[in-house]
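And the structure:
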């Protein structure tokens, strides 16, 4: 006999598992016995632990996929907003304006449109002499006024 396992019954009638291994160098046999019901408890606990690990792993994967989806969606929205709206004025960028204007003009309906494109003459002078903070205030004030006028005129 080499290595192995046998199941036997002790004098009290309880079932035990004997695990043995032959030690070649000294020709001894090392044997360890466990009560079957105790081993079954350990095996059941291991099964429960494995199931918990699998369940926690699945939940973690679902949460990570959800978070990645939310973060990606948020990132995409920020990208779209940054492409479509000016961060200072919150008005459309020139690119967005041209896209919308082109789409509206291609419909060839009888609607009346008001398009406002603005250029501040001498703005470089304001920026150089008063600084970018003051220049930003001028742009913000102008954009707010244009937006107010457009709003009052159903724009």
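In the working numbering, the protein residues as written are 231 to 385. Yeah, the Cβ is synthetic: ideal placement off N, Cα and C, and Gly gets one too.
Contact check, residue i vs residue j, beta carbons under 9 Å
i: residue 245; j: residue 267; result: yes
i: residue 313; j: residue 325; result: yes
i: residue 356; j: residue 364; result: yes
Top-ranked residue by Cα proximity to residue i, from the options
i: residue 382; options: 327, 276 and 344; result: 344
i: residue 341; options: 384, 238 and 261; result: 384
i: residue 349; options: 270, 372 and 320; result: 372
i: residue 263; options: 375, 360 and 251; result: 251
i: residue 261; options: 243, 275, 376 and 234; result: 234
i: residue 237; options: 265, 258, 254 and 327; result: 265
i: residue 322; options: 274, 374 and 302; result: 374
Residue i versus residue j: straight-line alpha-carbon distance, rounded
i: residue 249; j: residue 285; result: 33 Å
i: residue 331; j: residue 291; result: 45 Å
i: residue 269; j: residue 289; result: 30 Å
i: residue 247; j: residue 287; result: 34 Å
i: residue 362; j: residue 306; result: 29 Å
i: residue 352; j: residue 300; result: 44 Å
i: residue 347; j: residue 319; result: 14 Å
i: residue 336; j: residue 283; result: 59 Å
i: residue 271; j: residue 256; result: 35 Å
i: residue 358; j: residue 297; result: 45 Å
i: residue 315; j: residue 295; result: 29 Å
i: residue 304; j: residue 369; result: 28 Å
i: residue 366; j: residue 360; result: 10 Å
i: residue 334; j: residue 317; result: 24 Å
For residue i, three-class secondary structure by DSSP
i: residue 319; result: coil
i: residue 340; result: coil
i: residue 264; result: strand
i: residue 249; result: strand
i: residue 296; result: helix
i: residue 278; result: helix
i: residue 347; result: coil
i: residue 383; result: coil
According to DSSP, residues forming a beta bridge with residue i
i: residue 239; result: 245
i: residue 259; result: 252
i: residue 234; result: 250
9 Å Cβ cutoff, residue i in contact with chain D
i: residue 335; result: The structure shown contains no chain D; it holds only a single protein chain.
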